[in-house]
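Visitor:
In the working numbering, the protein residues as written are 3 to 130.
1) For the stretch 32-100, list the beta strand (DSSP E) runs that are entirely contained and at least 3 residues long, ordered along the chain.
2) According to DSSP, what are the bridge partners of residue 27?
3) Please confirm whether residue 29 and residue 21 have their CB atoms less than 8 Å apart.
4) Here's the rule I'm using: 16 or more other beta-carbon atoms within 10 Å means buried, otherwise exposed. How should residue 40 be labelled?
5) Among the candidates 73, 66, 25, 78, whose CA atom is the shortest distance from the CA of residue 57?
6) Excluding five sequence neighbours on each side, which residues of the same chain lie with their C-beta closer than 6 Å to the C-beta of residue 100?
7) Return yes when the Cβ of residue 108 is within less than 8 Å of the Cβ of residue 83, no when it is not.
8) Can you give the Cα-Cα distance for residue 47 and residue 89, rounded to whole angstroms?
Here it is as structure tokens:
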């Protein structure tokens, strides 16, 4: 449970950085508390999308992943972020990705920030 909360917070931080750096990714909220709540909701949805949809897409695109030497992974990550934006739009959550290129840059930033956070955080075995 503790690991799940840490992952949720790490995703929220990565999404916040992406929305701050990429002009096509918007996160709205009247107050700071509302924006933080929105980030946590988006991080949870993003985590579910990455846990359920992403593995299926990777299996189905495996030949193309090999052919592109793994570069298709960036496109898959962008599509997962874009899908998250679509889902949050249906749920009336104030998070929006304005197209493929902002999704691609956002996914790249989220990946880099996630790697940095994972390098800083203690190992999973130490969390228990």
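A virtual CB, placed ideally from N, CA and C, is assigned to each residue, including glycine. If you're wondering where the values come from, they're calculated on a predicted model, not measured in any experiment.
Guide: The relevant details are as follows:
1) 97-99
2) Counted from its first residue, the chain shown places residue 27 at position 25. Paired residue(s): 99.
3) Walking along the chain shown from the start, residue 29 turns up at place 27. Walking along the chain shown from the start, residue 21 turns up at place 19. A contact, by the Cβ cut-off of 8 Å.
4) In the chain shown, counting from the first residue as 1, residue 40 sits at position 38. Residue 40 should be labelled buried.
5) Counted from its first residue, the chain shown places residue 57 at position 55. The shortest Cα separation from residue 57 among 73, 66, 25, 78 belongs to 78.
6) Counting from 1 along the chain shown, the entry for residue 100 is found at position 98. The residues are 26.
7) Counted from its first residue, the chain shown places residue 83 at position 81. Counted from its first residue, the chain shown places residue 108 at position 106. For residue 83 and residue 108, yes; Cβs fall inside 8 Å.
8) Counted from its first residue, the chain shown places residue 47 at position 45. Counted from its first residue, the chain shown places residue 89 at position 87. Whole-angstrom Cα-Cα distance: 8 Å.
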